[in-house]
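Visitor: Going by my numbering, 546 is the number at position 340 of the sequence shown; the sequence numbering is gapless.
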Amino acid sequence: MKAITTALFAALFVASPALAALPRTVNVQGHLTTGGGATVPDGNYTFTWRLYTSEGAGVAAWTAVEPLVPVVDGLFSATLGDEPGATPPPAALFSSPLWLGITVDSEPELPRRPIHAVPQALYADSAAEAVYALWASDLQCSGCVGPSELAAGAVEPTHLSDAARALFLSSSGGTVSGAVTVNGSATVTGPVTASGGVDLAGSLLTGARFAAGNVAGESCVTSELGRVVVDAGSARLYWCNGATWLRLATCSGSCKAPASVPCGTLITDDCGDVSATCTGKGAGCPAGQLCGTTGCFNDGGSALSPTRSCKDLHAQAPSLPSGSYWLDPDGGGGLAPFMAPCDMVTAGGGWTVIEYSADLPFQNYFTSGDGFKYLPTDFKTVLTPAQIAAIQAVSTEGQQTYVGQCENVIHYYYTADPGYGYAFGFRFLDGAETVTGTQSYAPYDISVPQDGCKGNGTENGSLALATLFSIRSVRVPVVNVKTRDSGDAGEKFGSPLMANPAFLR
């Protein structure tokens, strides 16, 4: 501890020969402060009193220890020689000058000061290592002016000591340094600003409310993470996550509807939590789209939401039924979206059906004699050649069954005259043609599961006696046929094309 200035007031009552019956005591009163001038805490302190016959040398002629001297508001009062069990100073001691030394607790002794036969205020110099000080100005005395006797405003801060001014807080402003403890209630009539944290642990807030503001104009950055604002316009509560404002709302824990959860996202409850009762993934997509295995995709329900192909649509949503859908095979190129039938069942589904707009009627087409020749006009399809070509461009598979009705027209094999065998050929949309005159149609994958026309007569266009060609090629549909045995009267052929469309996937 640093040195302090101290003063004490001592009253000496000495037994003279004429007053031998009176006690030989010295009364001491004072105010105990810290080295900084602040009043020490209330409590009991140990005081050691010593009387010396010289000012600076020699040992104490009389010593007494008083361990429980009460100090209240810094004030204390003690009577030397009156301690329980203490021996009063001998009468002979007062026949010569005396000096008093005081020690508080374990601090060094204060400088000795003389004691006179009458009460007198004594002022001490700095004590080398003292922690406590006695201030004469705070003594209890007769004739002193008390606080109640001072006029209002008579004492200004400049009249006070430095230590007292350090504890003064102006009613119109001021700064308190260090921790402040308020034992009791405190009323604040203006706003409270805290640059650090406010610890409300163990407290109860009553009548509190969040300040209203305009969330659109409020800042939400990392340093404001956790800030809560009531938006005055919407009367809703918002929370800053360090980057953006999130609206706070009540929740019940019920599972959200799949359509209200983004496609592919885990379904949560309305509190935003994943629970054991909320399973599966969301199916929410923008209008005109469906939720598929890889996310939202166009549902093919309109020209504004076309899909690339029936195959793509089936891959995303295998449960979709067969029907007509809007397709856009070139993905927004020069070809406008168009509608086409999709077969979602046959051979795994996902087929785009290439339909014919008319059959090939069963009739006689040539009268100029036998010989290979194509029909003068190609077959008519519902889709345009450009639309079919676009579908072929995004397909890897194709299949079609050509049903050849006949009457005296060899289509594939003739047992009576092998020279008329393999007398039927095909032309595809892109102009490619199959070979004729050989059993194999290589490089095309064409087989003949039924050859009813090989009898060369009495078929009369019966489907049961027709020749069936199974064509597996992405070049389908067939747009024309070439025959050899069809140039005489009574040689008829045809095909129910509308019942036997081509399939691309």
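Just so it is clear, CB atoms sit at the ideal spot from N, CA and C, and this is done for glycine as well.
Given the structure is predicted, the values throughout are model-derived calculations rather than measurements.
I'd like the ranges of any alpha helix (DSSP H) spanning at least 4 consecutive residues and lying wholly in the region 484-541.
Guide: 516-522
Visitor: Which same chain residues, not among the five before or five after Phe634, have their C-beta less than 8 Å away from its C-beta?
Guide: Ser679, Arg681, Val682, Pro683, Val684, Val685
Visitor: By how many angstroms is the C-alpha of Gly529 removed from the C-alpha of Ser668?
Guide: Computed Cα separation, rounded: 31 Å.
Visitor: Is the Cβ-Cβ distance between Ala708 and Gly555 less than 8 Å?
Guide: no
Visitor: Answer with buried or exposed for Leu274, where buried requires no fewer than 16 other C-beta atoms within 10 angstroms of its C-beta.
Guide: exposed
Visitor: Report, in whole angstroms, the separation of the C-beta atoms of Gly693 and Thr573, which I expect to be a contact under 8 Å.
Guide: The Cβ separation is near 7 Å, so the contact holds.
Visitor: Between the Cα of Leu519 and those of Trp557, Thr387, Val246, Pro303, spot the shortest distance and give me the residue it belongs to.
Guide: Comparing Cα positions, the closest option is Trp557.
Visitor: Given a threshold of 16 other Cβ atoms within 10 Å of its Cβ, counted over all protein chains shown, does Arg711 qualify as buried or as exposed?
Guide: Looking at its Cβ environment, which holds 16 or more other Cβ atoms inside 10 Å, Arg711 is buried.
Visitor: So for Gln645, helix, strand or coil by DSSP?
Guide: coil
Visitor: Can you name the start and end residues of the beta strand (DSSP E) that Pro591 belongs to?
Guide: Note, Pro591: premise wrong, no beta strand (DSSP E); alpha helix (DSSP H) at 591-599.
Visitor: Using DSSP bridges, identify the partner residues of Met545.
Guide: BP columns for Met545 point to Trp532.
Visitor: Compare the C-alpha of Gly432 against each of Leu452, Gly439, Ala438, Gly413 and name the closest.
Guide: It is Leu452 whose Cα lies nearest to the Cα of Gly432.
Visitor: On the criterion of 16 or more Cβ atoms from any shown chain inside 10 Å, does Arg415 qualify as buried, or is it exposed?
Guide: exposed
Visitor: Measuring CB to CB, does Cys457 end up less than 8 Å from Asp475?
Guide: yes
Visitor: Can you give me the Cβ contacts of Tyr647 inside the same chain, cut-off strictly under 6 Å, excluding the 5 residues immediately before and after it?
Guide: Result list for Tyr647: Thr640, in chain order.
Visitor: Does the distance from the C-beta atom of Thr239 to that of Thr245 stay below 8 Å?
Guide: yes
Visitor: State yes or no: is the C-beta of Thr642 within less than 8 Å of the C-beta of Gly658?
Guide: no
Visitor: Which same chain residues, not among the five before or five after Trp445, have their C-beta less than 6 Å away from its C-beta?
Guide: Val434, Leu452, Leu454
Visitor: Closer than 7 Å by C-beta to Ala284: which residues in its own chain qualify, once you throw out the five before and the five after it? Chain order, please.
Guide: Val234, Phe253, Glu272, Val275
Visitor: Mind checking Val171: buried by the 16 CB within 10 Å criterion, or exposed?
Guide: A question about residue 171 goes unanswered here, because the residues of the chain that appear run from 207 up to 711.
Visitor: Quick one: grab the DSSP three-state call for Leu238.
Guide: strand
Visitor: Should His365 go down as buried or exposed, given a rule of 16 or more other Cβ atoms within 10 Å for buried?
Guide: exposed
Visitor: In whole angstroms, what separates the C-alpha of Pro314 from that of Thr293?
Guide: Computed Cα separation, rounded: 24 Å.
Visitor: Can you list the beta strand (DSSP E) stretches of 3 or more residues lying completely in the region 238-291, in chain order?
Guide: The qualifying runs are 249-258, 268-277, 281-286.
Visitor: Taking the Cβ atom as the reference point for each residue, do Tyr619 and Lys660 lie within a distance shorter than 8 Å?
Guide: yes
Visitor: Going by DSSP, what residues sit across from Ile308 in a beta bridge?
Guide: Trp255
Visitor: Which ranges would you report for the beta strand (DSSP E) in the region 617-697 if only whole runs of at least 3 residues count?
Guide: 630-634, 651-657, 673-678, 684-689
Visitor: Using the rule of at least 16 other Cβ atoms within 10 Å of the residue's Cβ for burial, across every protein chain shown, is Cys612 buried or exposed?
Guide: buried
Visitor: Please identify the residue among Asn662, Ala599, Gln593, Phe282 whose C-alpha is closest to the C-alpha of Pro624.
Guide: Asn662
Visitor: Taking Lys487 and Leu472 to be in contact with their CB atoms under 8 Å, please state how far apart those CB atoms are, rounded to whole angstroms.
Guide: Contact between Lys487 and Leu472 holds: CB atoms are separated by about 6 Å, below the 8 Å threshold.
Visitor: Any idea what DSSP makes of Val421, helix, strand or coil?
Guide: helix
Visitor: According to DSSP, simplified to helix, strand and coil, what is Ser429?
Guide: Shown here, Ser429 sits in a helix according to DSSP, grouped into three states.
Visitor: For Lys462, which beta-bridge partners are listed by DSSP?
Guide: Answer is none; Lys462 lacks a bridge partner.
Visitor: Verify whether the separation of the beta carbon atoms of Pro535 and Val609 is less than 8 Å.
Guide: no
Visitor: By alpha-carbon positions, which one of Ala482, Ala418, Ala465, Cys461 ends up nearest to Arg442?
Guide: Ala418
Visitor: Let me know the secondary structure DSSP gives Thr607 once reduced to three states.
Guide: strand
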